[in-house]
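Number of protein chains: 2
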Amino acid sequence: MKLAQPDLSPLDFFREYCRQHHLKVTPQRLAIYQELLKSPDHPSAEIIYERVKKSLPDISLDTVNRTLLTFARIGLIDTVEGYGEVRRFDPKTQRHHHFRCLSCGRIIDFEYEPYDALSIPESLQTTLTVLKKKVLLEGYCEQCRLKKHKVRP
Amino acid sequence: MKLAQPDLSPLDFFREYCRQHHLKVTPQRLAIYQELLKSPDHPSAEIIYERVKKSLPDISLDTVNRTLLTFARIGLIDTVEGYGEVRRFDPKTQRHHHFRCLSCGRIIDFEYEPYDALSIPESLQTTLTVLKKKVLLEGYCEQCRLKKHKVRP
DNA sequence: ATGTTTGCAAATAGTTTGCATCCAG
DNA sequence: CTGGATGCAAACTATTTGCAAACAT
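For the protein sequence lines, the chains are Y and C, in the order given.
In terms of my numbering, the first sequence opens at residue 1 and continues consecutively.
In terms of my numbering, the second sequence opens at residue 1001 and continues consecutively.
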C-alpha cells in the first residue's frame, strides 16, 4: 500500500499518497501533515491543533482528530503507544512479550528467550537508563487472518 | 521492589506484597486480584468490574479503577498498550523503535539494525501473521534519571 | 456538479476527584 | 482507634458523531 518512490519531495509524496488513497488534498490536511513532519516529539492531536492553528486559525480540533485518524488508517503516519483504546491490565509481570492483532485488537502473550536477551544499543546506554525491554509483534491473529478486516484504529 | 519468593500461594503472595507496600488487604482488592489472575485476556477496568460484581455486587467501578492503578503503581500488575495517555502520532513510518520514559512519558525514537532483524518465534508462525516488529524500551531519560520520580501512570 | 471534507455542537466514553462513611490493621 | 479505602456523584478530558455548509476534483 505504501508508495515505493521516496525520491519525491515530502509534499509531492503527500499529494501522490493522498491521490492513491482517494483523499482530497485540503489545506487542513496539508497543514497537519507538514506540521507532523516538523514534529519529532510524537505530538497529540491537541498539540498539533495548537500548532496548526497558527497558520490556519479557523481549523477545528475535530478536523485534526479526523485527519490524523485518516492518515493513520492509510498508513501515512503511525500511532504511538496508546492505540486509542482503553487501558488494559496484565497480571503477568514476568518477562513476556505481546502480539497484537491489528484487526480485532486481541493481545496474545508469548514468551521467547531470545527477546529477553536483546542487547541495548550502545548509543542509548550513555544517556538513558533502560529497565525493561518489550517486543510487540503486530499482524493478524488466526481468526482474523483470512477475513479482510480494516485496520485499527 | 518485587518479592523474590514465588513459592507462596498466589493469595499469600498477594497479602505479602500488599503488606510490603503498606496496602490494606480489602475484599475488593482481593477479588480484583483474583479475577485478574483468572483473566488471560488483558481485560479493561470495565470488564474486570463486570466480572468482580458477580462476587461483590456493591463494588464500584471507581474502586476497580483505583485499585488497578494502585496495583500497577506498585508493580503487582502491568498495563498493556494504551498507557492511559492520549493518543500520539508519529510521522515516521519507516522502521524504528521507541524508548519511553517511565517518569515523564517522553518517547524517543531510535534506529537499531539488530532489532529490525529479529526472528519470529516458530510457535507463533503457524497461527499468526506477523507484519510488524516493534521493540519498546522503558526506563528513565537523561532528565529524569536522577530525580526520583514516581512511575506512570 | 457532486461527493468529500469541514466546523460546529452535542453526545459519549473513560477516567479522575472530592468528600463523607466505613473498615482493616 | 485511626488512617487508608470505598462508594457515590460530579467534574473533566479525550474522542466521536450528526449535520448543514463549503470545497476539491
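We put the beta carbon where it would ideally sit given N, CA and C, even for glycine.
Nearest-angstrom Cα distance between residue i and residue j?
i, j, result
"D90(Y)", "L146(Y)", "28 angstroms"
"T129(Y)", "E122(Y)", "12 angstroms"
"L1023(C)", "L8(Y)", "58 angstroms"
"V1086(C)", "V1080(C)", "14 angstroms"
"N65(Y)", "E1016(C)", "45 angstroms"
"H97(Y)", "A1117(C)", "17 angstroms"
"D1041(C)", "I108(Y)", "8 angstroms"
"E111(Y)", "I48(Y)", "38 angstroms"
"G139(Y)", "L124(Y)", "28 angstroms"
"S60(Y)", "K53(Y)", "8 angstroms"
"L11(Y)", "R73(Y)", "19 angstroms"
"G82(Y)", "T1026(C)", "31 angstroms"
"L1102(C)", "T1126(C)", "35 angstroms"
"R152(Y)", "T70(Y)", "Reliability of the predicted coordinates at R152(Y) is poor, the pLDDT of 47 falling under 50, and no value is obtained from them."
"I1077(C)", "F1014(C)", "11 angstroms"
"E1050(C)", "Q1034(C)", "14 angstroms"
"H21(Y)", "P1057(C)", "50 angstroms"
"Y115(Y)", "S55(Y)", "45 angstroms"
Assign residue i to one of two classes, buried (16 or more other C-beta atoms within 10 Å of its C-beta) or exposed (fewer than that).
i, result
"V135(Y)", "buried"
"E46(Y)", "exposed"
"P1043(C)", "buried"
"R1095(C)", "exposed"
"E157(Y)", "Residue 157(Y) is absent from the structure shown; chain Y starts at 1 and stops at 153."
"R1019(C)", "exposed"
"T63(Y)", "buried"
"G133(Y)", "Note that residue 133(Y) is Lys in the sequence shown here, rather than Gly. Buried, because 16 or more other Cβ atoms sit within 10 Å of the Cβ of K133(Y)."
"L1036(C)", "buried"
To which residues does DSSP link residue i through a beta bridge?
i, result
"F946(C)", "Since the first residue of chain C shown is 1001 and the last is 1153, residue 946(C) is not available in this structure."
"C1101(C)", "G1139(C)"
"K132(Y)", "E1138(C)"
"V1086(C)", "Answer is none; V1086(C) lacks a bridge partner."
"C1080(C)", "The question names Cys, but residue 1080(C) in the sequence shown is Val. DSSP lists R88(Y) as partners of V1080(C)."
"F1110(C)", "H1097(C)"
"S44(Y)", "R1088(C)"
Leaving out five residues before and five after residue i in sequence, what residues of the same chain have Cβ atoms less than 7 angstroms from its Cβ?
i, result
"T1067(C)", "Q1028, R1029 and I1032"
"R1106(C)", "C1141"
"K92(Y)", "D109"
Give me, in chain order, the residues of the same chain whose beta-carbon lies closer than 6 angstroms to that of residue i; leave out the 5 immediate sequence neighbours on both sides.
i, result
"S1039(C)", "none"
"L1137(C)", "F1099"
"R88(Y)", "none"
Enumerate in chain order the residues of its own chain whose CB-to-CB distance from residue i is below 8 angstroms, with the five nearest sequence positions on each side excluded.
i, result
"C1104(C)", "C1141, Q1143, C1144 and H1149"
"Q1120(C)", "Before going further, note that residue 1120(C) is Ile rather than Gln in the sequence given. Excluding residues within five positions, the ones whose Cβ falls inside 8 angstroms are V1130 and K1133."
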